[in-house]
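Enquirer:
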Amino acid sequence: MALYVLKFGGTSVGSVERIQAVAQRVKRYRDQGHQVAVVVSAMSGETNRLVALAKDINEQPMTRELDVLLSTGEQVTIALLSMALMTIGVPATSMTGDQIRMMTDSTHSKARIMDIDEQAVMSVLNGGKVAVIAGFQGRDEQGNITTLGRGGSDTSAVAMAAALKADECRIYTDVDGVYTTDPRVEPNARKMDTITFEEMLELASLGAKVLQIRSVEFAGKYNVPLRVLSSFQDEGEGTLITFEEQDMEAPLVSGIAFNRDEARLSILGVPDQPNVAASVLLPIGKADIDVDMIIQNSVGDNTADFTFTVHRNDYARATEVLEQVSADLGAREVRGNDKIAKISVVGVGMKSHVGVASTMFESLGNEGINIQLISTSEIKISVVVEEKYLELAVRTLHSAFKLEQTA
Ligand code: ADP
Ligand code: ASP
Ligand code: MG
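Sequence positions in the sequence shown follow our numbering and run 639 to 1045.
#1: For D943, is the beta carbon positioned less than 7 angstroms from some heavy atom of ligand 3?
#2: Could you tell me the alpha carbon to alpha carbon distance between E1024 and I978, rounded to whole angstroms?
#3: Mapping DSSP to helix, strand and coil, what is L906?
#4: Could you compute how far the alpha carbon of F835 sits from the alpha carbon of G789?
#5: Exposed or buried, what is I783 when buried is set at 16 or more other beta-carbons lying within 10 Å of its beta-carbon?
#6: What span of residues does the beta strand (DSSP E) with A730 cover, start to end?
#7: For A801 versus Y817, is the C-beta spacing smaller than 8 angstroms?
#8: Could you pull out every residue in the same chain whose Cβ sits closer than 6 angstroms to the Cβ of T957, ignoring the five residues on either side in sequence?
#9: Looking at the structure shown, is N951 part of a helix, part of a strand, or coil, going by DSSP?
#10: From V1022 to Q850, what does the alpha carbon distance come to, in whole angstroms?
#11: According to the Cβ coordinates, are G985 and S892 closer than 8 angstroms?
#12: Relative to the C-alpha of D930, which residue among Q775, D910 and D899 is closest?
#13: Since V983 contacts I1019 with CB under 8 angstroms, what's their CB separation in whole angstroms?
#14: My understanding is that V676 touches V689, with C-beta atoms under 8 angstroms, so please give their C-beta distance in whole angstroms.
#15: Taking only three categories from DSSP, how would you classify E806?
#16: Assuming contact is defined by CB atoms lying nearer than 8 angstroms, are S761 and E712 in contact in what I supplied?
#17: For I981, list the residues DSSP reports as bridge partners.
#18: Any chance the stretch 900-912 sits against the stretch 862-874, with 3 or more Cβ pairs inside 8 angstroms?
#19: Does DSSP put I932 in a helix, a strand or coil?
#20: Going by DSSP, which residues form a beta bridge with Q775?
#21: Does DSSP put N975 in a helix, a strand or coil?
#22: Take M741 as the anchor and find which of V963, D755, T819 and T793 has the nearest alpha-carbon.
#23: According to DSSP, which residues form a beta bridge with K693?
#24: Give me, in chain order, the residues of the same chain whose beta-carbon lies closer than 8 angstroms to that of E971; leave out the 5 immediate sequence neighbours on both sides.
#25: Secondary structure at Q1010, three-state DSSP: helix, strand or coil?
#26: Shorter than 7 angstroms, the distance from the beta carbon of G647 to the closest heavy atom of ligand 3, or not?
#27: Roughly how many whole angstroms lie between the Cα atoms of F646 and Q780?
#28: Quick one, which of Q658, G766 and G815 has its alpha-carbon nearest L641's?
#29: Taking 8 angstroms as the limit between beta carbons, can you name the residues of its chain near E837, skipping five residues before and five after?
#30: What is the DSSP secondary structure of V714, counted as helix, strand or coil?
#31: Determine the DSSP secondary structure at L1041, reduced to helix, strand or coil.
#32: State yes or no: is the C-beta of G652 nearer than 7 angstroms to some heavy atom of ligand 3?
#33: Would you say the stretch 769-777 touches the stretch 701-717, given that touching needs at least three Cβ pairs under 8 angstroms?
#34: Is there contact here, the stretch 911-920 with the stretch 996-1011, by at least three beta-carbon pairs under 8 angstroms?
#35: Are the C-beta atoms of A659 and some chain D residue less than 8 angstroms apart?
#36: I'd like to check one pair, G815 with L839: are the Cβ atoms closer than 8 angstroms?
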């Protein structure tokens, strides 16, 4: 007998029929004698619908109330799935974030998990029932409802698996594993049987939304065996995230991630003096805007240029702040573009090889795709291009690095 935490995402619980199919799958685990805690998302489209309702009332919804609203999506699913389980003879109990004491900090809409009291769930499991847990939601010390950021049910599941010391955390979704890139953009993408934790972390942080980045961080920190599988298929082992050292044969590039949620901002002709980077970026940070890529360039004419990227939702606010900074510092101009995409190639094999960058730049150049920004780390290279080239760029790189299916 094993203990599994199973997570089902939005599409997997998107209709009554899908919820019934999930119930049947959970029943099969139980019939094999396993203990099961199930973490679910809101039905597909529901969280977006709720966000839109809030924005109809106020373009910048009050974050505490927004969390109260968004958490209702998952609550619908836990009730329906528990009913579906009991209807087929499987005892089950629905549990909210509050009931499982999913304690978080108070950063509404991107709260961090501080602690989980696994006793509540354990006593449901030991009572012979399936615990059906609302993902994405938690509570802070004062009892306010919090949410963990979009895609946060993955993190709820991994955190629960860590707290319960589960044998494996299985993320059931609408693809049958982690692919070399998003199969919706590149139909020739190849499913990987395993991927290293390090690579998965990088892919998730660079935009591959198959797993929320915090779920991967959690799995690494607490050594949770993590697997991605299809809820639409009965066969298949999915993709296992492995913690072993990669062997010498590691491919140079193992995957490609992309992100269309960013915008680029530049401030040009800033008088060049010590502390100038801080005087540009501190006001952005004070406005609670996260910055991703940062590039400073000074070519010896006593001025400096800065370019950085922010989340597209923050573009308008960041532009306002930067206009003010520009006036204060006596800079020449502020420019920006929110129709950009970031594309990244990732691979642990890159550590010991040169040439990945030149292959990347050359193949994009051959397609006439202009690169606006470049940033690199040990195991990834990212470029920013015009958004309209996103699909072409992903497919070009996928074939340049020979990532296609071989069969
Ligand atoms: P869920 O609702 O189950 O949480 P998500 O939509 O959050 O599902 O994540 C699954 C989606 O992630 C897939 O449908 C796929 O389009 C996308 N995706 C992006 N990159 C990858 C990748 N490298 N491998 C697999 N899926 C990916
Ligand atoms: N329902 C939330 C979202 O759509 C959380 C999740 O699905 O993981 O982002
Ligand atoms: Mg998801």
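Beta carbons: idealized from backbone N, C-alpha and C, even for Gly.
Expert: Put simply:
#1: Start at 1 with the first residue of the sequence shown, and residue 943 comes out as number 305. Distances taken from the Cβ of D943 to the heavy atoms of ligand 3 include none shorter than 7 angstroms.
#2: For this step, residue 1024 is matched to residue 386 along the sequence shown. For this step, residue 978 is matched to residue 340 along the sequence shown. Rounded to the nearest angstrom, the two C-alpha atoms are 5 angstroms apart.
#3: Here the question's residue 906 lines up with position 268 in the sequence shown. Three-state DSSP puts L906 in a strand.
#4: One-based indexing of the sequence shown puts residue 835 at position 197. One-based indexing of the sequence shown puts residue 789 at position 151. Straight-line spacing of the CA atoms in F835 and G789 works out to 19 angstroms.
#5: Position 145 of the sequence shown, counted from the start, is the residue given in the question as residue 783. I783 should be labelled buried.
#6: The residue labelled residue 730 in the question sits at position 92 within the sequence shown. Here the beta strand (DSSP E) through A730 covers A730 to M733.
#7: Your numbering for residue 801 matches position 163 in the sequence shown. Your numbering for residue 817 matches position 179 in the sequence shown. Taking 8 angstroms as the Cβ cut-off, A801 and Y817 do not qualify as a contacting pair.
#8: One-based indexing of the sequence shown puts residue 957 at position 319. Setting aside the 5 residues that flank it on each side, T957 is surrounded in the same chain by G974, each with a C-beta closer than 6 angstroms to its C-beta; the list follows chain order.
#9: As a working mapping, residue 951 is identified with position 313 in the sequence shown. In the structure shown, N951 sits in a helix (DSSP, three-state: H, G or I).
#10: Position 384 of the sequence shown, counting from 1, holds the residue named residue 1022. Position 212 of the sequence shown, counting from 1, holds the residue named residue 850. Distance between the alpha carbons of V1022 and Q850: 22 angstroms.
#11: For the purposes of this step, residue 985 is taken as the residue at position 347 of the sequence shown. For the purposes of this step, residue 892 is taken as the residue at position 254 of the sequence shown. In this structure, S892 lies closer than 8 angstroms to G985 by Cβ.
#12: Reading the sequence shown from its first residue, position 292 is the one you call residue 930. Residue D899 is the option with its Cα nearest to D930.
#13: In the sequence shown, residue 983 corresponds to position 345, counting from 1. In the sequence shown, residue 1019 corresponds to position 381, counting from 1. Confirmed, about 5 angstroms.
#14: To locate residue 676, count along the sequence shown from 1; it is residue 38. To locate residue 689, count along the sequence shown from 1; it is residue 51. Actually they do not touch by this definition, with Cβ atoms about 25 angstroms apart.
#15: Here residue 806 refers to the residue found at position 168 when the sequence shown is read from its first residue. E806 carries a strand assignment under DSSP once its states are collapsed to helix, strand and coil.
#16: Here the question's residue 761 lines up with position 123 in the sequence shown. Here the question's residue 712 lines up with position 74 in the sequence shown. In this structure, the beta-carbon distance from S761 to E712 does not fall below 8 angstroms.
#17: Within the sequence shown, numbered from 1, the residue matching residue 981 stands at position 343. In the DSSP output, where bridge partners are listed per residue, I981 has F896 and V1021.
#18: The stretch 900-912 vs the stretch 862-874: no contact.
#19: Taking the first residue of the sequence shown as 1, we reach residue 932 at position 294. Of the three classes helix, strand and coil, the one that applies to I932 here is strand, per DSSP.
#20: The sequence position of residue 775 within the sequence shown is 137, counting from 1. Its beta-bridge partners are T785.
#21: As a position in the sequence shown, residue 975 is number 337, starting the count at 1. Residue state, collapsed to three classes: strand.
#22: As a working mapping, residue 741 is identified with position 103 in the sequence shown. Ranking the options by Cα distance to M741, first place goes to D755.
#23: Here residue 693 is taken as the residue at index 55 of the sequence shown, counted from 1. None; K693 has no bridge partner.
#24: Counted from its first residue, the sequence shown places residue 971 at position 333. Counting only Cβ-Cβ distances below 8 angstroms, and skipping sequence neighbours, we find I905, L906, G907 and S964.
#25: By 1-based counting over the sequence shown, the position of residue 1010 is 372. Coil, per DSSP.
#26: Here residue 647 refers to the residue found at position 9 of the sequence shown. Indeed, a heavy atom of ligand 3 lies less than 7 angstroms from the Cβ.
#27: Indexing the sequence shown from 1 puts residue 646 at position 8. Indexing the sequence shown from 1 puts residue 780 at position 142. Straight through space, the alpha carbons of Q780 and F646 are spaced by roughly 29 angstroms.
#28: As a first step, residue 641 is located in the sequence shown; it is residue number 3 there, counting from the start. Nearest of Q658, G766 and G815 to L641, Cα basis: G766.
#29: Working through the sequence shown from its first residue, we reach residue 837 at position 199. For E837, where only same-chain residues beyond five positions count, the Cβ hits under 8 angstroms are S892, G893, V984, G985, V986 and I1017.
#30: Locating residue 714 in the sequence shown gives position 76, counting from the first residue. Note: V714 maps to helix in three-state DSSP.
#31: Working through the sequence shown from its first residue, we reach residue 1041 at position 403. Coil.
#32: For the purposes of this step, residue 652 is taken as the residue at position 14 of the sequence shown. Between ligand 3 and G652, a heavy atom-to-CB distance of less than 7 angstroms is absent.
#33: Between the stretch 769-777 and the stretch 701-717, the count of C-beta pairs closer than 8 angstroms reaches three or more; the two stretches touch.
#34: Verdict: no, contact absent.
#35: This model lacks chain D altogether; it includes just one protein chain.
#36: Residue numbering aside, residue 839 sits at position 201 when the sequence shown is read from its first letter. Residue numbering aside, residue 815 sits at position 177 when the sequence shown is read from its first letter. Between L839 and G815, the gap from beta carbon to beta carbon reaches 8 angstroms or more.
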